[in-house]
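Peer 1:
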Amino acid sequence: MTATAPIRTDDAEGTPTDVVTEAARRRTFAVISHPDAGKSTLTEALALHARVIGQAGAVHGKAGRRGTLSDWMDMERARGISITSAALQFSYRDTVVNLLDTPGHADFSEDTYRVLTAVDAAVMLIDAAKGLEAQTMKLFAVCRHRGIPVITVVNKWDRPGMDALALMDEVADRTGLAPTPLTWPVGIAGDFRGVLDRRDGSYRHFTRTAGGATIAPEQVLSAEEALAREGDTWSQAVEESELLTETGAVHDQELFLAHASTPVLFASAVSNFGVGQLLDVLVGLAPAPVDRPDEDGEPHPLDAPFSGFVFKVQAGMDAGHRDRLAYLRVCSGVFERGMVVTNGRTGRPFATKYAQQVLGRERETLETAYPGDVVGLVNAAALGVGDTLYAGDPVVYPPITTFAPEHFAVARAADTSKYKQFRKGIETLGGEGVVQVLVSERRGDGAPVFAVVGPMQFEVASHRMEHEFGARISLEPLPYTIARITDRESAPELATARDVEVLQRADGELLALFTNKWALQVLERNKPHLTLVPMVAAELG
1360 MTATAPIRTD
1370 DAEGTPTDVV
1380 TEAARRRTFA
1390 VISHPDAGKS
1400 TLTEALALHA
1410 RVIGQAGAVH
1420 GKAGRRGTLS
1430 DWMDMERARG
1440 ISITSAALQF
1450 SYRDTVVNLL
1460 DTPGHADFSE
1470 DTYRVLTAVD
1480 AAVMLIDAAK
1490 GLEAQTMKLF
1500 AVCRHRGIPV
1510 ITVVNKWDRP
1520 GMDALALMDE
1530 VADRTGLAPT
1540 PLTWPVGIAG
1550 DFRGVLDRRD
1560 GSYRHFTRTA
1570 GGATIAPEQV
1580 LSAEEALARE
1590 GDTWSQAVEE
1600 SELLTETGAV
1610 HDQELFLAHA
1620 STPVLFASAV
1630 SNFGVGQLLD
1640 VLVGLAPAPV
1650 DRPDEDGEPH
1660 PLDAPFSGFV
1670 FKVQAGMDAG
1680 HRDRLAYLRV
1690 CSGVFERGMV
1700 VTNGRTGRPF
1710 ATKYAQQVLG
1720 RERETLETAY
1730 PGDVVGLVNA
1740 AALGVGDTLY
1750 AGDPVVYPPI
1760 TTFAPEHFAV
1770 ARAADTSKYK
1780 QFRKGIETLG
1790 GEGVVQVLVS
1800 ERRGDGAPVF
1810 AVVGPMQFEV
1820 ASHRMEHEFG
1830 ARISLEPLPY
1840 TIARITDRES
1850 APELATARDV
1860 EVLQRADGEL
1870 LALFTNKWAL
1880 QVLERNKPHL
1890 TLVPMVAAEL
1900 G
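Terminal number for the sequence shown in our numbering: 1900, no gaps in between.
Here it is in structure tokens:
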């Protein structure tokens, strides 16, 4: 791992660097898409182009290539998918890049949603052969809802796929965003020779490298040189680009920031084709951090004293220490390692002695951070998802949504002699918040209920319980399909109803579980006085 360039905290005369100036250097974005579109491979390729790592690996790489840096979990490496979000920070030119890789599988959509609360822009990957898939559309909807500008990358252009103009029509028709290609492919999908840079008319020709493990050599040619080299293939690219110009498909920064248009680039992440252009576009066009609205909707100034919020908690990244890492997005002021801040939820102080900069599973001690940066706070047992930390005047940022679980199972220790490890693992998973842990006096502490958005989360929880905590578990599916938030006044009456069970979540919230929608509807009709509050569906838009 190549160390990230140090972030300046003082100028030549020892004066603290201006927070607004440092914030302007930041770009914080997420890479999102449908499963298997190449998110983790692109994340690795971007880090490679920024010279953070010396060699890229792909999850589905050839023999001898290592797994992607951001996919650190054993199951991710084994299955070739992203299961949990990963944060990478690196410097590129004079810009500090905070890149968040996210899961694509719908079963882990809650993790993706939480990451989207912490970024200022998103890179959406579209598979050249498959176009806009179901999960892609949901993610576009979330970005629109949150006002997050989207840069679109048509990936895997080195493989057979759809017609480029047809893809642009699909993006426009189905997302409502006007696609404004910055680069245009020279060669059809499967015959990727390079791109026409529509900003200056030049031709960027790519040369494939062995396994795509190193930066692909790039040759910049004039239009005349491109015509001599590529002939009719170049002429077709030029004609299509001119057609786009005639229809108004030209980048407008104001429309992009207003989430009305999406710049488009063509690439092959696994071969490192077009990745350098994406990094340049992110630095040049993606928005820097701005004043972030607090819980009341009032913008909190960038140059106010330090504040930030926890958008993710992850345990098990360091098998040797069994620590718990809280990902904090800095929203205002200067974060300095060792400072004592206040947890807005509890009102209690929190010491930031163990602050780290995260690069996948690898970490470095972090001394200073500015708005837009992501800080890893280690051994943060007192922190939960959505907690606001601040120094100075109190501020609270909006809570982070917890999605409605749709699958439920009782977890039991397979080996009763491992009960201590079992309890520790259950407590840890519940603290992370993605797997919701529910308990009740009737079932007892030895039989907590796992409540999840998608069934693959059960597999992840079982794997982690066995391999991180040494406590193999058995899971017994429950018949419930719907959860509603209730209160202590309604709980006794709900507990006596048919096909209903009331349990308490790790955060103290009471959930009423129903076997089907008809059982819920009957109860709501016959007993309207009971508190049954719907939770946000895990449909991502």
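Glycine included, each C-beta is placed from N, C-alpha and C at the ideal position.
1) What are the partner residues of Tyr1562, as DSSP defines its beta bridges?
2) Check Ile1510 in the structure and name its three-state DSSP category.
3) Enumerate in chain order the residues of its own chain whose CB-to-CB distance from Ala1531 is below 7 Å, with the five nearest sequence positions on each side excluded.
4) Taking the alpha carbon of Gly1643 as the reference point, which residue from Gly1546, Ala1500, Asp1611 has its own alpha carbon closest?
5) Quick check: Arg1831 and Ala1773, are their CB atoms within less than 8 Å of each other?
6) Pull up the CB-CB distance for Asp1732 and Asn1457, whole angstroms please, since I reckon it's below 8 Å.
7) Helix or strand or just coil, what does DSSP make of Thr1787?
8) If we ignore side chains and look at the alpha-carbon of each, how far apart do Val1379 and Glu1827 end up?
9) For Phe1665, does the three-state DSSP call read helix, strand or coil?
10) Any idea what DSSP makes of Leu1891, helix, strand or coil?
11) By the 10 Å Cβ neighbour count, where 16 or more other Cβ atoms means buried, how is Ser1594 classified, buried or exposed?
12) Which term fits Glu1613, buried or exposed, when burial requires 16 or more other beta carbons within 10 angstroms of its beta carbon?
13) What residues in its chain sit with their C-beta under 7 Å from that of Gly1697, if we drop five residues either side in the sequence?
14) Would you list the residues sitting across from Val1455 in a DSSP beta bridge?
15) Grab the span of the alpha helix (DSSP H) containing Met1824 for me, first residue to last.
16) Express the C-alpha separation of Ser1600 and Asp1470 in angstroms, rounding to a whole number.
17) Compute the Euclidean distance between the alpha carbons of Tyr1756 and Arg1801, then round it to the nearest angstrom.
18) In whole angstroms, give me the CA-to-CA distance for Asp1550 and Asp1517.
19) On the three-state DSSP scale, how would you describe Ser1630?
20) Could you give the C-beta distance for Leu1624 and Leu1541, rounded to a whole number, given that I count them as a contact under 8 Å?
21) Return the residue from the list Leu1797, Thr1855, Ala1741, Pro1652 that minimises the CA-CA distance to Arg1707.
22) Among the candidates Ala1685, Ala1750, Leu1684, Val1754, whose CA atom is the shortest distance from the CA of Val1700?
23) Let's test the definition: count the other Cβ atoms within 10 Å of the Cβ of Gly1790 and tell me whether it reaches 16, buried, or not, exposed.
24) Measuring CB atoms only, is the region 1647-1662 touching the region 1762-1776, in the sense that at least three cross pairs come out at less than 8 Å?
25) Would you mind giving the Cβ-Cβ distance between Val1501 and Leu1475, rounded to the nearest angstrom? I have them listed as a contact below 8 Å.
26) Please state the DSSP three-state secondary structure of Gly1420.
27) Which class does Thr1443 belong to by DSSP, given the choice of helix, strand or coil?
28) Assuming Val1482 and Leu1459 form a contact by the criterion Cβ under 8 Å, report the distance between their Cβ atoms to the nearest whole angstrom.
29) Based on DSSP bridge pairs, tell me the residues matched to Phe1767.
30) So, is Leu1602 buried or exposed, given that buried needs 16 or more other C-beta atoms within 10 angstroms?
31) Is the CB-CB distance between Gly1506 and His1618 below 8 Å?
32) From what residue to what residue does the beta strand (DSSP E) around Ser1691 run?
33) Using 8 Å as the threshold, is the C-beta distance between Gly1336 and Glu1584 below it?
34) Taking the alpha helix (DSSP H) that Asp1532 falls in, what are its first and last residues?
35) Can the beta-carbon of Pro1807 be found closer than 8 Å to that of Val1798?
36) Taking 8 Å as the threshold (C-beta atoms), are Tyr1729 and Val1693 in contact?
Peer 2: Per the coordinate set shown:
1) Stepping through the sequence shown from its first residue, residue 1562 is reached at position 203. For Tyr1562, which the question treats as bridged, DSSP gives the partners Leu1555, Leu1580.
2) On the sequence shown, position 151 is the one that residue 1510 refers to. In the three-state reduction of the DSSP assignment, Ile1510 falls in the strand class, which pools E and B.
3) Taking the sequence shown and counting its residues from 1, the one referred to as residue 1531 is at position 172. Contacts found: Ala1537, Pro1538.
4) Here residue 1643 is taken as the residue at index 284 of the sequence shown, counted from 1. Per the Cα distances, Asp1611.
5) Along the sequence shown, read from residue 1 onward, the residue named residue 1831 stands at position 472. Along the sequence shown, read from residue 1 onward, the residue named residue 1773 stands at position 414. In this structure, the beta-carbon distance from Arg1831 to Ala1773 falls below 8 Å.
6) As a working mapping, residue 1732 is identified with position 373 in the sequence shown. As a working mapping, residue 1457 is identified with position 98 in the sequence shown. The pair is a contact, with the Cβ atoms about 6 Å apart (cut-off 8 Å).
7) To locate residue 1787, count along the sequence shown from 1; it is residue 428. Residue state for Thr1787 is assigned as helix, using DSSP reduced to three classes.
8) As a first step, residue 1379 must be located in the sequence shown, where it is residue number 20. As a first step, residue 1827 must be located in the sequence shown, where it is residue number 468. Rounded to whole angstroms, Val1379 and Glu1827 show a C-alpha spacing of 41 Å.
9) Mapped onto the sequence shown, residue 1665 falls at position 306. Here Phe1665 sits in coil by DSSP.
10) Here residue 1891 corresponds to residue number 532 of the sequence shown, with the count starting at 1. When secondary structure is reduced to three states using DSSP, Leu1891 falls in the coil class, being assigned neither helix nor strand.
11) As a first step, residue 1594 is located in the sequence shown; it is residue number 235 there, counting from the start. Here Ser1594 is exposed. Its C-beta has fewer than 16 other C-beta atoms within 10 Å.
12) Locating residue 1613 in the sequence shown gives position 254, counting from the first residue. Glu1613 is exposed by the Cβ-count criterion.
13) For the purposes of this step, residue 1697 is taken as residue 338 along the sequence shown, with counting starting at 1. Within the same chain, Gly1697 has close Cβ partners Thr1711, Lys1712.
14) For the purposes of this step, residue 1455 is taken as the residue at position 96 of the sequence shown. BP columns for Val1455 point to Arg1385, Ser1450.
15) Taking the first residue of the sequence shown as 1, we reach residue 1824 at position 465. Segment 1815-1828, the alpha helix (DSSP H) holding Met1824.
16) Locating residue 1470 in the sequence shown gives position 111, where the first residue counts as 1. Locating residue 1600 in the sequence shown gives position 241, where the first residue counts as 1. Distance between the alpha carbons of Asp1470 and Ser1600: 38 Å.
17) Residue mapping note: residue 1756 aligns to position 397 of the sequence shown, counting from 1. Residue mapping note: residue 1801 aligns to position 442 of the sequence shown, counting from 1. Tyr1756 and Arg1801 have their C-alpha atoms roughly 37 Å apart.
18) Along the sequence shown, read from residue 1 onward, the residue named residue 1550 stands at position 191. Along the sequence shown, read from residue 1 onward, the residue named residue 1517 stands at position 158. Rounded to the nearest angstrom, the two C-alpha atoms are 6 Å apart.
19) For the purposes of this step, residue 1630 is taken as residue 271 along the sequence shown, with counting starting at 1. Ser1630: helix per DSSP, three-state reduction.
20) Mapped onto the sequence shown, residue 1624 falls at position 265. Mapped onto the sequence shown, residue 1541 falls at position 182. Leu1624 to Leu1541, Cβ: 6 Å. Contact.
21) Here residue 1707 corresponds to residue number 348 of the sequence shown, with the count starting at 1. Its Cα nearest to that of Arg1707, the residue Ala1741 stands out among Leu1797, Thr1855, Ala1741, Pro1652.
22) Locating residue 1700 in the sequence shown gives position 341, where the first residue counts as 1. Comparing Cα positions, the closest option is Ala1750.
23) Sequence index remark: in the sequence shown, residue 1790 carries index 431 (1-based). Buried, by the Cβ-count rule.
24) No, they do not touch.
25) Taking the first residue of the sequence shown as position 1, residue 1501 is located at position 142. Taking the first residue of the sequence shown as position 1, residue 1475 is located at position 116. That belief holds up - the Cβ atoms of Val1501 and Leu1475 are roughly 6 Å apart, short of 8 Å.
26) The residue labelled residue 1420 in the question sits at position 61 within the sequence shown. Residue placement at Gly1420 is flagged as unreliable, the pLDDT there being 30, under the threshold of 50; a coordinate-derived value is accordingly withheld.
27) Position 84 of the sequence shown holds residue 1443. Below a pLDDT of 50, predicted positions are generally treated as unreliable, and Thr1443, at 46, falls in that range; no measurement from the model is reported.
28) For the purposes of this step, residue 1482 is taken as residue 123 along the sequence shown, with counting starting at 1. For the purposes of this step, residue 1459 is taken as residue 100 along the sequence shown, with counting starting at 1. Between Leu1459 and Val1482 the Cβ distance is about 10 Å, and since that is not below 8 Å, they are no contact.
29) As a first step, residue 1767 is located in the sequence shown; it is residue number 408 there, counting from the start. Phe1767 is bridged to Ala1810.
30) Indexing the sequence shown from 1 puts residue 1602 at position 243. Of the other Cβ atoms in all chains shown, fewer than 16 fall within 10 Å of the Cβ of Leu1602; this residue is therefore exposed.
31) Here residue 1506 refers to the residue found at position 147 of the sequence shown. Here residue 1618 refers to the residue found at position 259 of the sequence shown. Yes, Cβ-Cβ distance for Gly1506 and His1618 is below 8 Å.
32) By 1-based counting over the sequence shown, the position of residue 1691 is 332. 1683-1691 is the span of the beta strand (DSSP E), which, as asked, contains Ser1691.
33) Outside the displayed span of the chain (1360 to 1900) sits residue 1336, for which this structure offers no information.
34) As a first step, residue 1532 is located in the sequence shown; it is residue number 173 there, counting from the start. Residue range 1523-1534 is occupied by the alpha helix (DSSP H) that includes Asp1532.
35) Here residue 1807 corresponds to residue number 448 of the sequence shown, with the count starting at 1. Here residue 1798 corresponds to residue number 439 of the sequence shown, with the count starting at 1. A contact, by the Cβ cut-off of 8 Å.
36) For the purposes of this step, residue 1693 is identified with residue 334 of the sequence shown, where counting begins at 1. For the purposes of this step, residue 1729 is identified with residue 370 of the sequence shown, where counting begins at 1. At the C-beta level, Val1693 and Tyr1729 come within 8 Å of one another.
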